[in-house]
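*Asks:* Order-wise, the sequence lines are chains A and B.
Mind the numbering: the first sequence is residues 761 to 831 in my numbering, read in order.
Mind the numbering: the second sequence is residues 25 to 300 in my numbering, read in order.
If you scroll down you'll find the structure; I have some questions about it.
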Amino acid sequence: MLRRAARAFGHFWWDFLVGDAPELFVATLVIIVTALLLRHERAAAVIALPLEAIVFLVASTVRGQRGSSRT
Amino acid sequence: MTTTSTVVLILAVFGASTVEMVEALTIVVAAGVTRGWRSALEGAAAALGVLSVIVAAVGVPLIHYVPIDALRVVVGGLLLVLGLSWLRKSILRSSGYKAMHDEDAIFAATTAELAADGPPARAARDAVGFAVAFKGVFLEGTEVVLIVVSLGSSQHRLGIAALAAAAAALIVGAVGFFVARQLSQVPENTIKTVVGIMLTSFGLFWVGEGAGVHWPGSDLAIIALIALFVVVTAVVVGVLKAARLRSRAPDSLQPAGPVTPVVERHPDAASRPGER
C-alpha cells in the first residue's frame, strides 16, 4: 500500500511538472538559471526573463497547434 | 506596494479555486444524483477536510523553516510551470485547436459510469458515492492546495490565500446548489486564461525576486507582467485563429466550427493534471 501511495505521489508530480508539455518544465529551469546568472544585471534580467517565458509559451503553443492539426 | 500583490494573490487563488471547484462539483452532483446526496456530500466534506490539513501541515512549516529566497525561487518555478501550462491550454482552446471543457458532457459520462455500477446500497451511506465524491474533490483540490501553499507561503500570507480558496469553494458550492446541472454556463476557459496569466506573472516575479533580481517598481512589476501576458495571449490567440481559418478555407468558405467537447475521465482513473 505504501509503495502504491509513493508511486501515485511520484506520478502526480511527474504529470504536474512535465505532463504533456515537457518544454514548459525545461522553460522554467532555463528561466531559473537565467535569473540566478543575471541577478547582478538587473536591466538584462528584467528583459530576459519575460522574453524567455514568452518564447517558450509561443513555441509550446505552436507545437500543440501542430499536434492538433495532424490528428 | 504590498496591497498590489495581495489583491493579485487573492484574485489568482480565487480564480484557480473556482475553476477546480466547478470541475469537482460536477462530479459531486453526478454522485449525488445517482448514488444519493448524503454519501456524496460526506465524501466532498471529507476531502475538503483532508485538503485543509495538508495546507496547514505543509504551508506553516514552509513559512517558518525554509529561507524566504530559496522558497520564492522554488515556489516561483512551480507557479511558472502551472501558469504556462494553463495558458497554453486556454490559448489552444480559445483558438479552436483544443476541445472546450464541457461540464454537461462530464456530468453525463460520470452519471452513466456510476449507474453502471448498479443501484446504491439500501443503507443510508453508499461507499461508491462517497469514494467518487471524495476522489473528485481531492484530485481537483490538490492543484488548489499547491497554489494556496505556493502563493501564500512566498508572501507570508497563507491565511489570506486559504480564505480566498475557501470563499471560492463556498460560492461555487452555493451556486451549484441552486443551478445544479448548469455548471457548463461558467466561462471556465476565460477564468483559466486569466488565472494562467496571473500565475505566470507571479511565477516570473518570485523567481526573479528569489534569485536576487529586483524588479523595477517592486510589486507593481506584477501588474506590468500581467499586462504583457494579456497582450501576448491576445496576439497568439488571434494569430492561431487566423491560421485555423486559412487552413479551412480551401475546403469551405464557412468559418471553422467548434471542436467536439472533451469528456474528462472518471476520477477513479489516475490523475493527469497536465491534461486538463
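Glycine included, each C-beta is placed from N, C-alpha and C at the ideal position.
Which one of A:Phe776, A:Leu797, A:Phe785, A:Arg826 has the shortest CA to CA distance from Thr235 of chain B?
*Replies:* Here the sequence assigns Ala to residue 235 of chain B, which means Thr is not the residue at that position. Ala235 of chain B has its Cα closest to that of A:Leu797, out of A:Phe776, A:Leu797, A:Phe785, A:Arg826.
*Asks:* Alpha carbon to alpha carbon, how far is Gly779 of chain A from Val77 of chain B?
*Replies:* If I take the Cα positions, the gap works out to 27 Å.
*Asks:* Hey, could you find the ends of the alpha helix (DSSP H) Met222 of chain B is sitting in?
*Replies:* Segment 212-235, the alpha helix (DSSP H) holding Met222 of chain B.
*Asks:* Using a beta-carbon distance cut-off of less than 9 Å, what residues from the region 171-200 of chain B approach chain A?
*Replies:* Listed by position along the chain: nothing, the set is empty.
*Asks:* Within the 8 Å Cβ cut-off, does Gly83 of chain B reach chain A?
*Replies:* Judged by the 8 Å Cβ criterion, Gly83 of chain B is not in contact with chain A.
*Asks:* Is Met25 of chain B helix, strand or coil when you go by DSSP?
*Replies:* With a pLDDT of only 49 at Met25 of chain B, under the threshold of 50, the placement of this residue in the model should not be trusted, and no figure is reported.
*Asks:* Chain B partners of Gly824 of chain A, CB-CB under 9 Å?
*Replies:* Residues of chain B passing the Cβ test: Arg112, Lys113, Ile115, Leu116, Tyr121, Lys122.
*Asks:* Assign Trp318 of chain B to buried or exposed, taking buried as 16 or more other Cβ atoms, counted over all protein chains shown, within 10 Å of its Cβ.
*Replies:* With chain B represented from 25 up to 300, any question about residue 318 of chain B goes unanswered, as that position is not in the structure.
*Asks:* Given this structure, state the Cα-to-Cα distance separating Ala808 of chain A from Val37 of chain B, to the nearest angstrom.
*Replies:* Computed Cα separation, rounded: 27 Å.
*Asks:* So which of B:Ile250, B:Ala266, B:Ala267, B:Ala70 has the shortest CA-CA distance to Leu33 of chain B?
*Replies:* Checked all of B:Ile250, B:Ala266, B:Ala267, B:Ala70; the closest Cα to Leu33 of chain B is B:Ile250.
*Asks:* For a cutoff of 8 Å on Cβ pairs, would you count Ile814 of chain A as touching chain B?
*Replies:* Yes, because at least one Cβ of chain B sits closer than 8 Å to the Cβ of Ile814 of chain A.
*Asks:* Kindly indicate the opening and closing residues of the alpha helix (DSSP H) around Lys113 of chain B.
*Replies:* Element bounds for Lys113 of chain B: 92-118.
*Asks:* So with Cβ pairs under 8 Å, would you call Leu277 of chain B a contact of chain A?
*Replies:* Residue placement at Leu277 of chain B is poorly supported in this model, since its pLDDT is 47, which falls under 50; the coordinates still yield a value, given next. Chain A contact via Cβ: absent.
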